[in-house]
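In our numbering, the protein residues as written are 4 to 141. Each residue gets a CB set at the ideal place from its N, CA and C atoms; glycine is no exception. Heads up, the thing below is written out as structure tokens.
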Amino acid sequence: MTDRTILQKYVARNGDPAAGVVPQADTEAADDLGAFGWLRGIRDRAVCLELRKSDGNILAVSYGYIEKAEFDPSEGITLSVSGQKVRIKGRNLNAEVRPTVRLFEGLARHRVPWVQEADSGIGDNDDRATVIDSISWS
4 MTDRTILQKY VARNGDPAAG VVPQADTEAA DDLGAFGWLR GIRDRAVCLE
54 LRKSDGNILA VSYGYIEKAE FDPSEGITLS VSGQKVRIKG RNLNAEVRPT
104 VRLFEGLARH RVPWVQEADS GIGDNDDRAT VIDSISWS
């Protein structure tokens with residue numbers, strides 16, 4: 004790198020095509036763990052939680068409006084969001100996917116940017132995999 008390119012990197016305005024620097028979306032910020040995403044950075048926090056249904060419907064709720072999160076192994080995860088209930092049902096919802104990575108704990112710490120229902124047959128081979136069977140809101 005020359006001195007000129009280093010200077011342009013720090014002086015150019017973001018998105019200024021004349022400067023030759025166009026910002027790109029950080030699509031690599033979250034790890035895709037199948038049933039949910041996980042923010043890697045130690046200080047990263049998601050602003051919203053995307054709830055993705057297998058039929059294509061998506062609801063995004065602000066973490067700021069989640070009043071309470073409850074995990075019951077037999078019932079799943081229930082989120083209280085501005086007086087409404089969001090229910091996430093499945094298996095291994097608080098199992099350790101990787102060291103120190105668990106879905107419910109990630110929701111409690113705003114580290115999960117999205118969760119998604121599994122297509123039928125996904126996760127049938129792995130009894131330890133986190134699988135979301137249904138997401139419902141009312």
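Pick helix, strand or coil for E120, following the three-state DSSP scheme. For the purposes of this step, residue 120 is identified with residue 117 of the sequence shown, where counting begins at 1. Coil.
Does the separation of the CB atoms of K92 and S123 fall below 7 Å? By 1-based counting over the sequence shown, the position of residue 92 is 89. By 1-based counting over the sequence shown, the position of residue 123 is 120. Result no, Cβ atoms of K92 and S123 do not sit closer than 7 Å.
Just curious, the beta strand (DSSP E) that G2 is in, first and last residue? Nothing about residue 2 can be reported from this structure: the residues present for the chain run from 4 to 141 only.
So L110 is in the alpha helix (DSSP H); what residue range does that whole segment cover? Indexing the sequence shown from 1 puts residue 110 at position 107. That run of the alpha helix (DSSP H) goes L106 to A111.
Candidates V104, A111, P116 and T133: which alpha carbon is nearest E70's? Numbered from its first residue, the sequence shown carries residue 70 at position 67. Minimum Cα distance to E70 is reached at A111.
Sequence-distant residues of the same chain with beta carbon closer than 7 Å to L96, five excluded per side: Locating residue 96 in the sequence shown gives position 93, counting from the first residue. For L96, where only same-chain residues beyond five positions count, the Cβ hits under 7 Å are F74, G79, I80, L106, F107 and T133.
Give a yes or no on whether the minimum CB-CB distance between F39 and chain D is below 7 Å. Judged by its chain identifiers, the structure shown contains no chain D, having just a single protein chain.
Output needed for G40: all residues of its chain with C-beta closer than 7 Å, excluding positions within five of it in sequence on either side, in chain order. Numbered from 1 along the sequence shown, position 37 holds the residue referred to as residue 40. Excluding residues within five positions, the ones whose Cβ falls inside 7 Å are A33, D34, V115, P116 and W117.
Where G67 sits in the DSSP three-state scheme: Mapped onto the sequence shown, residue 67 falls at position 64. Here G67 sits in helix by DSSP.
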